[in-house]
Each structure stands twice: as C-alpha cells, then as structure tokens.
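Each residue of the sequence shown is one higher than the one before, starting from 0 at the first, in numbering that gives the first Met the number 0. Idealized CB from N, CA, C, for every residue including glycine. A quick write-up on the structure given underneath.
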Amino acid sequence: MPRAEPRAEMPAWLDEAEPVSTVALLYREFGDVLIPIEDVRQRYFRNRNEHTFRRALNSGEIPLPVVTLDDSHKTRRFVCLYQLAAYIEHRSRAAAIERAQALPDRQHARLNRAFVDAIPTTDFRAPTGTAD
C-alpha cells in the first residue's frame, strides 16, 4: 500500500498573525534609517569580504544605492533602510515564486500562495505632490 504524502498546511496561528513590515523589523535591528554598509555586509552578505561587497555595490551586482551625507572621499557610506527593505522583499518574492513554479501541484497551492502573499511590500517612492 503506497504511503500518503503529508499535507503541507500552514499552522493556524500563522493565518492569524499580525503582519510586521520589513521596514519595522530592520529599524528594530539597526535603529536608524541609514545603515552603515559594513553593518549591512556583516548581517546579510557574510559570504563577501569588504572589498568584494563594495565592488558588487559599485558595479550594480547588488543594486542597493549607497548614500553619503557629504562629498568627502572619506565620508561614511550607508544604505537606506527603505531601499534595503524593498530589496529584501524583492528577493524574497522572487524566491517564493520560483519555489511555487518548482512545486506546482494542488497539494502545495495554498502554501505557495501563502509564501508569496506573506511578503510585505515597501513603498519608498517620494510623494508626487509638494505642499508650498
């Protein structure tokens, strides 16, 4: 007699969990809107040393804009929390969609949909109108 595959169900508590934004979690982690690039590297890009990480940022391989607060060559370099949040969400959504395409059967449909839907969306665009 063939063994039945276990169903991939989402835990009930997860369906009722309050969503927490990526921005809020990053702010809790780093405590500022501007995060030093070395802190970003150590937390999310441990596989890269300082030189290869900076090269990847400069070349666009890692498409995070680098923020400086003045024009000095020795100024500290930062990544904006909102842009890091958007990048993490983008990568997470792409991974969830790739997984859903790899496991398209009906048994996993709800779980795959939950993986994609669980990723918050950060909107960090500048306001379109200005008040004078």
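Buried versus exposed call for residue i [16 or more other C-beta atoms within 10 Å across all chains shown]
i: A19; result: With the sequence shown as reference, residue 19 is identified as Val, and Ala is not the correct amino acid for it. Exposed, because fewer than 16 other Cβ atoms sit within 10 Å of the Cβ of V19.
i: L68; result: exposed
i: L102; result: exposed
i: V22; result: buried
i: L83; result: buried
i: V93; result: Looking at the sequence itself, residue 93 is Ala, so the reference to Val does not match. Exposed.
i: L25; result: buried
i: A108; result: exposed
i: T120; result: exposed
Helix, strand or coil at residue i according to DSSP, with G and I counted as helix
i: T51; result: helix
i: A117; result: coil
i: I96; result: helix
i: L102; result: coil
i: I61; result: coil
i: R45; result: coil
i: L56; result: helix
Where the beta strand (DSSP E) containing residue i begins and where it ends
i: R76; result: 76-79
Limits of the alpha helix (DSSP H) - the one that residue i falls within
i: L140; result: The structure shown does not extend to residue 140, since the chain is modelled only from 0 to 131, so the question has no answer here.
i: V22; result: 21-29
Identified DSSP bridge partners for residue i
i: I34; result: V78
Contact test: residue i Cβ vs the ligand NAP heavy atom, cutoff 7 Å
i: Q41; result: The model depicted lacks the ligand NAP and carries no ligand whatsoever.
Cβ contact check for the stretch 78-88 and the stretch 30-44: 3 or more pairs under 8 Å = The stretch 78-88, when compared against the stretch 30-44, does touch it at the 8 Å Cβ threshold.
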